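Numbered per my numbering, the sequence shown spans residues 874 to 989. By construction, the Cβ of each residue, glycine as well, lies at the ideal position given by its N, Cα and C atoms. Quick caveat: nothing in here was measured; it's all calculated off a predicted structure. Contents: one structure, followed by commentary.
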Amino acid sequence: MKLLIQRLIAILLLVIPGIAAAYGFLLMKDAVYDYFAKIGDIDVVSPDFSWGMFIGGAILFLIGIGFIGGWIFFRDRKHNYLSPRFRPKVPRPPRPQKSPQANDGNSQEHSSSDRP
């Protein structure tokens, strides 16, 4: 029963932003359609655009889409489905330092006593 409640809450966490995004889109659509309907009305001399309804709808739409997009992005990052440019950067381990006495055989060191 506990797992069922957790899954129901998880679905609601995705459905509520989706409904908010859909409602925001409808508010923006209604603002634009009402403006064009007022342009075609002969009785209205100067039609006005309802900016409040349009901006409110845009905010709801962007918040809803941003939440769902972020959820999908972080879920895909967790499952390693993302392309390399979206994966978090892993720092390179530091290179090992060569000791000053290490000799790789390519160079020979001569002292003054080795010369003939």
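In whole angstroms, give me the CA-to-CA distance for residue i and residue j.
i	j	result
phenylalanine 934	alanine 895	7 Å
leucine 955	alanine 910	45 Å
isoleucine 882	leucine 876	10 Å
proline 969	valine 963	18 Å
arginine 880	aspartate 907	40 Å
lysine 902	proline 966	53 Å
arginine 948	alanine 893	21 Å
isoleucine 884	isoleucine 915	48 Å
asparagine 823	arginine 960	For the chain, the structure presents residues 874 to 989; residue 823 sits outside this window and is missing.
phenylalanine 922	isoleucine 938	25 Å
glycine 942	glycine 925	25 Å
Apply the 10 Å Cβ neighbour rule to residue i and answer buried if 16 or more other Cβ atoms are within range, or exposed otherwise.
i	result
leucine 900	buried
phenylalanine 927	buried
glycine 930	buried
glycine 897	buried
Could you give the DSSP three-state label for residue i: helix, strand or coil?
i	result
phenylalanine 947	helix
aspartate 907	helix
lysine 962	coil
lysine 971	coil
proline 920	coil
Going by C-alpha distance, which of the options is nearest residue i?
i	options	result
isoleucine 936	Gly891, Val905, Ile912 and Leu885	Gly891
phenylalanine 940	Ile878, Ile889 and Lys951	Ile889
leucine 887	Pro973, Ile945, Phe922 and Lys951	Ile945
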